[in-house]
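S.K.: Have a look at this one before I ask anything.
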Amino acid sequence: MPLKALIAATLALISLAAPTPTHAENTFSFTVLEIPDIQRGAGLAIVMRTPSGKTWLYDTGSAYPMALSSDGWQGNFNAGRDLIAPLLKEQGVTSIDGIFISHAHYDHFGGLIWLKDHLKIEKLIDCGYIFRSGNEDDYRGTNRSELDHYTELREEFQARGALLTATAGQVLDLDPDLKIEVIAPPKTYFDDPKINTRQKNDTPSHFLVNANSLALRIQFGDIVFLLPGDIQTEDIEASLMPFVDPAKLKCHILVAPGHGIHPIPPAFGEATHPEISIASVFPRYARGIKSTAALKALGAKPYITGLHGTVQVVTDGKTYQVTTERDDTSISQ
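Numbered by this note's numbering, the letters in the sequence shown go through residues 272 to 604 in order.
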């Protein structure tokens with residue numbers, strides 16, 4: 272089946288088979304959307320709704336500009352247009368209070384390219400990290416234009432006074448219902464490309480952009496969510512763990528770092544000790560991701576979008592409930 276038809280069929284199945292994530296009064300809803308497989312990246316888009324009526328996004332899912340495509344996007348797919356906007360419309364949301372972008376890769380900020388021109392976005396929040404190198408080899412495997420494109424986007428928000436740069440140690444006073452703490456990166460950023468320990472095909476541009484993901488600790492009542500972005504095993508061990516107070520990593524709900532693809536370092540697992548984890552990853556990767564065993568060993572219940580579909584957590588601040596589009600018992604055994 273051609274890729275365009277496959278994406279269309281996948282989107283149709285998602286819309287027909289699954290109930291639309293909802294938002295109940297006096298609760299905080301945290302929805303991790305399933306991103307269809309367009310043969311690139313992995314994708315992450317999280318929609319958060321608070322009792323005061325505010326809407327926040329952490330990343331905006333995949334979208335890869337492609338001039339030769341009939342609508343300008345690889346696979347005729349843009350997560351902002353095809354997933355986020357329809358969900359917000361069904362929930363009666365006409366503007367977005369803020370979008371947190373973890374880092375400058377298209378599978379995390381691609382949806383923003385469409386959203387910024389079609390919905391009012393009050394604020395863009397990121398860590399301000401920009402990779403620079405005079406060595407072209409440092410960009411191998413990473414499209415420099417991807418990084419430049421994100422820089423252009425943030426400059427648009429900066430020009431209208433709607434850009435907030437946040438680094439470790441800041442508590443963001445954005446929503447009366449939430450305590451939002453920035454866990455990483457530091458103001459000086461992580462700058463060691465880990466040449467001797469990272470995967471050989473992982474260039475400095477790709478590795479360091481991931482390493483400097485905007486990592487957040489979000490608390491609603493007693494319930495804590497940890498969103499570490501795409502930081503990988505090597506930098507969790509050598510950079511994040513020595514830098515962050517382990518108490519700040521303890522959480523109830525963990526969004527698996529790096530889509531859950533990489534192993535979870537034991538110290539990070541013990542520090543976070545989540546009750547549930549959510550990995551945003553395509554079905555073709557879902558059963559082979561390396562974080563699942565370690566998280567299950569800690570007693571966490573793993574959810575994977577490629578198996579369970581969109582995953583929603585709704586909490587009143589004391590307890591929480593998880594709902595999924597699909598059941599998958601294979602990873603719970």
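Glycine is no exception: its CB is placed at the ideal position from the N, C-alpha and C atoms.
1. DSSP three-state label for residue 591, please.
2. Pull up the DSSP beta-bridge partners for residue 319, would you.
3. DSSP beta-bridge partners for residue 488?
4. Would you report the Cα separation of residue 331 and residue 371, rounded to the nearest angstrom?
5. Can you tell me whether residue 431 is buried or exposed? The criterion is at least 16 other CB atoms within 10 Å of its CB, across all chains shown.
6. Would you mind sorting residue 427 into buried or exposed? The rule is 16 or more other CB atoms within 10 Å of its CB.
7. Using the beta-carbon count (16 or more within 10 Å), is residue 481 buried or exposed?
8. Is it the case that the Cβ atoms of residue 584 and residue 489 are separated by a distance below 9 Å?
9. Over the uninterrupted beta strand (DSSP E) stretch that includes residue 572, give me the two end residues.
10. Is residue 373 buried or exposed, if buried means 16 or more other CB atoms sit within 10 Å of its CB?
11. Determine the closest residue to residue 456 out of 501, 418, 362, with distance taken between C-alpha atoms.
12. Take residue 385 and list the residues in its own chain whose beta-carbon comes closer than 6 Å to its own, dropping the five residues that flank it on each side.
13. Using DSSP bridges, identify the partner residues of residue 524.
14. Is DSSP giving residue 336 helix, strand or coil here?
15. For residue 594, which residues in the same chain have their Cβ closer than 7 Å to its Cβ, ignoring the five residues on either side in sequence?
16. Smallest Cα separation from residue 359: which of 343, 503, 327, 344?
17. Cβ of residue 301 within 9 Å of Cβ of residue 317?
18. Would you mind sorting residue 379 into buried or exposed? The rule is 16 or more other CB atoms within 10 Å of its CB.
19. I think residue 578 touches residue 543, with their Cβ atoms under 8 Å apart; what is that distance to the nearest whole Å?
20. Does residue 560 come out as helix, strand or coil in the three-state DSSP assignment?
21. Can you say whether residue 375 is buried or exposed, counting buried as having 16 or more other CB atoms within 10 angstroms of its CB?
22. Could you compute how far the alpha carbon of residue 391 sits from the alpha carbon of residue 408?
23. According to DSSP, is residue 263 part of a helix, a strand, or is it coil?
M.R.: Reading it off the structure:
1. One-based indexing of the sequence shown puts residue 591 at position 320. It is a strand residue.
2. In the sequence shown, counting from the first residue as 1, residue 319 sits at position 48. 301, 327.
3. By one-based count along the sequence shown, residue 488 stands at place 217. Residue pairing by DSSP puts residue 488 in a beta bridge opposite 452, 497.
4. In the sequence shown, residue 331 corresponds to position 60, counting from 1. In the sequence shown, residue 371 corresponds to position 100, counting from 1. In a straight line, the C-alpha of residue 331 is about 9 Å away from that of residue 371.
5. Numbered from 1 along the sequence shown, position 160 holds the residue referred to as residue 431. Burial call: exposed.
6. Numbered from its first residue, the sequence shown carries residue 427 at position 156. Label assigned to residue 427: exposed.
7. Taking the first residue of the sequence shown as position 1, residue 481 is located at position 210. Label assigned to residue 481: buried.
8. Counting from 1 along the sequence shown, the entry for residue 584 is found at position 313. Counting from 1 along the sequence shown, the entry for residue 489 is found at position 218. Not in contact: residue 584 and residue 489 (Cβ atoms no closer than 9 Å).
9. Here the question's residue 572 lines up with position 301 in the sequence shown. 572 to 575 is the span of the beta strand (DSSP E), which, as asked, contains residue 572.
10. If you number the sequence shown from 1, residue 373 lands on position 102. Residue 373 is buried by the Cβ-count criterion.
11. Here residue 456 corresponds to residue number 185 of the sequence shown, with the count starting at 1. Checking every option, the nearest Cα to that of residue 456 belongs to 501.
12. Taking the sequence shown and counting its residues from 1, the one referred to as residue 385 is at position 114. Answer for residue 385: 349, 351, 352, listed in chain order.
13. As a first step, residue 524 is located in the sequence shown; it is residue number 253 there, counting from the start. Beta-bridge pairing links residue 524 to 496, 547.
14. In the sequence shown, the residue the question calls residue 336 occupies position 65. Residue 336: strand per DSSP, three-state reduction.
15. Numbered from 1 along the sequence shown, position 323 holds the residue referred to as residue 594. Taken in chain order, the residues that qualify are 583.
16. Locating residue 359 in the sequence shown gives position 88, where the first residue counts as 1. Ranking 343, 503, 327, 344 by Cα distance to residue 359 puts 327 first.
17. Taking the sequence shown and counting its residues from 1, one reaches residue 301 at position 30. Taking the sequence shown and counting its residues from 1, one reaches residue 317 at position 46. Yes, Cβ-Cβ distance for residue 301 and residue 317 is below 9 Å.
18. Start at 1 with the first residue of the sequence shown, and residue 379 comes out as number 108. With 16 or more Cβ atoms within 10 Å of its Cβ, residue 379 is classed as buried.
19. Numbered from 1 along the sequence shown, position 307 holds the residue referred to as residue 578. Numbered from 1 along the sequence shown, position 272 holds the residue referred to as residue 543. The Cβ separation is near 21 Å, so there is no contact.
20. Position 289 of the sequence shown, counting from 1, holds the residue named residue 560. If DSSP states are grouped into helix, strand and coil, residue 560 belongs with coil.
21. If you number the sequence shown from 1, residue 375 lands on position 104. Counting of Cβ neighbours within 10 angstroms places residue 375 among the buried residues, the total reaching 16 or more.
22. If you number the sequence shown from 1, residue 391 lands on position 120. If you number the sequence shown from 1, residue 408 lands on position 137. Residue 391 and residue 408: Cα-Cα distance of roughly 39 Å.
23. The displayed coordinates of the chain run from 272 to 604. Any statement about residue 263 would go beyond what the structure contains.
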